[in-house]
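Let me begin by presenting the structure, written as C-alpha cells, before commenting on it.
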Amino acid sequence: MPRRRRQQGLERVLGTPALFATAYGNVGSSIYYALGVTAGIALGLTPVVFMISGLIFAATAATYAEGTVLFPEAGGSSSFARHAFNEVVSFGAAWAQMLNYVITVAISAFFVPHYLSIFWAPLRTTPWDVIGGAAVIAFL
Numbered sequence: 246m247p248r249r250r251r252q253q254g255l256e257r258v259l260g261t262p263a264l265f266a267t268a269y270g271n272v273g274s275s276i277y278y279a280l281g282v283t284a285g286i287a288l289g290l291t292p293v294v295f296m297i298s299g300l301i302f303a304a305t306a307a308t309y310a311e312g313t314v315l316f317p318e319a320g321g322s323s324s325f326a327r328h329a330f331n332e333v334v335s336f337g338a339a340w341a342q343m344l345n346y347v348i349t350v351a352i353s354a355f356f357v358p359h360y361l362s363i364f365w366a367p368l369r370t371t372p373w374d375v376i377g378g379a380a381v382i383a384f385l
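Numbered by this note's numbering, the letters in the sequence shown go through residues 246 to 385 in order.
This is the structure:
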C-alpha cells in the first residue's frame, strides 16, 4: 500500500479584512503620496502613467502568487530569495522589505497632515505638519 503524502500548505491566520488593510495600506497610500509628484511630472499623461503602474502592480501580484504556490511557506520575497539564491540574499530581501514598511509609514505620516490641512490650514506649514505627522505615527 503506497504511503499517503502529507499535503503542504499555509495555515490561514489572517482573514479578508487583514488582507484588504495590507493591500490598501501599501498600494493605496503610495497612490496618495505619489499623485502630486506624478501629476507634476507627467502632466497630461498622468492616467497613462497610472495604467502602466497598475500593470506593474498586477505583474508583481502574479509573481507573488506564483511563488506562493511554488513554495507554500511564510516569508514572501525573503523565502523566494532563499530558494533562488541563498540565506544572505534572503536576509537582504527581508531587511529591504522591513525598510520599505518603515519608509511607507514615514512618508504616509508626513503626507496625512497635508491632506488634512483642508480642514485646518496651519497643517500646511512647519512645524504643524511635522507635529501632525508625529501624532499620526504615535497614534499608529
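Note that the Cβ used here is the ideal one computed from N, Cα and C, for glycine as well. Treat the numbers as computed from the prediction; the structure is a model and nothing was measured.
Query	Result
Considering only the beta carbon of each residue, do S323 and A306 sit closer than 8 Å?	no
Thinking just about the alpha-carbon of each residue, which of V350, T283, A380, D374 is nearest to the one in S274?	V350
Answer yes or no: do V347 and G378 have a C-beta to C-beta separation smaller than 8 Å?	no
Using CA coordinates, which residue listed in V272, A266, V333 is at the minimum distance from N345?	V272
Which of the three DSSP states, helix, strand or coil, is assigned to V333?	helix
What first and last residue would you give for the alpha helix (DSSP H) that runs through E311?	291 to 315
First and last residue of the alpha helix (DSSP H) that includes P262?	261 to 268
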